[in-house]
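Everything in the sequence shown is counted per the working numbering, starting at 684 for the first residue and increasing by one.
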Amino acid sequence: MNTVYRTWDWPADAARLAERLVADLPALELDFIPISLERLEAELLRRFSDPAQLTAPEARTWYEGASAYFGEVMVRGWGKWGWSTEWDDTDPPEVMPPEETDLEPLSPWEAVLRAVSSRTGDELITVWCRWDDAMMDWVAESVEDADWEPYQDAD
């Protein structure tokens, strides 16, 4: 497995890999907002026709960068980096969902491979939307359960 995963400093490593991808692809205007995932996936599909190509040594930098970028968008939106199993220095980190949801940990590496395999062009943004919907549902339920009333001006 890739040595970049063998670190406890993963958030910094993910940010570094993602920023390197952003710097290498200025025309894509990757800005860590969800809609940029569509541009990233379009570039993935343009460059790679088979998921096996992503794991080839010559594509390693691109695969790491795309996976880290996708993970960073997810983390900045709703999650955090971590491991769902005991860390053994070969497992890549996952995006851990907030505990308040029923979402499963997400492997950005697997999602990027699925995007190239399925070739739908919307795999990454669909995953983000699923997480966003789950969080919005949780927020709505939290508000319904709270003793909350809207602020009213005392005229």
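Every residue, glycine too, gets a C-beta built ideally from N, C-alpha and C.
- Residue 698 and residue 826 have their C-alpha atoms some 33 Å from each other.
- Rounded to whole angstroms, residue 737 and residue 751 show a C-alpha spacing of 14 Å.
- For residue 762, there is no enclosing beta strand (DSSP E), as DSSP marks it with neither H nor E.
- Secondary structure at residue 782: coil, using DSSP grouped into helix, strand and coil.
- Between the C-alpha atoms of residue 700 and residue 812 there is a straight-line separation of about 23 Å.
- Take residue 792, set aside five residues on each side of it, and the residues of its chain with a beta-carbon closer than 8 Å to its own are 746, 750, 775, in chain order.
- In this chain, the alpha helix (DSSP H) harbouring residue 724 covers 719-730.
- Of the residues assessed, residue 801 falls on the exposed side of the cut-off, its CB having fewer than 16 other CB atoms within 10 angstroms.
- For residue 789, the pairing in a beta bridge is given by DSSP as 778.
- Between residue 804 and residue 725, the beta carbon gap of about 6 Å places them in contact (Cβ cut-off 8 Å).
- Closest by C-alpha distance to residue 790, out of 782, 768, 783, 784, is 768.
- Between residue 727 and residue 799, the C-beta gap is smaller than 8 Å, which places the two residues in contact.
- Counting only residues of its own chain and dropping the five nearest sequence neighbours on each side, residue 758 has a CB closer than 8 Å to the CB of 694, 697, 764, 778.
- The beta carbon of residue 795 lies closer than 8 Å to those of 727, 737, 746, 749, 750, 753, 807 in the same chain, with the five residues before and after it left out.
- Distance check between residue 818 and each of 715, 780, 797 places 780 closest, using alpha-carbon atoms only.
- Around the beta carbon of residue 755, 16 or more other beta carbons sit within 10 angstroms, so the residue counts as buried.
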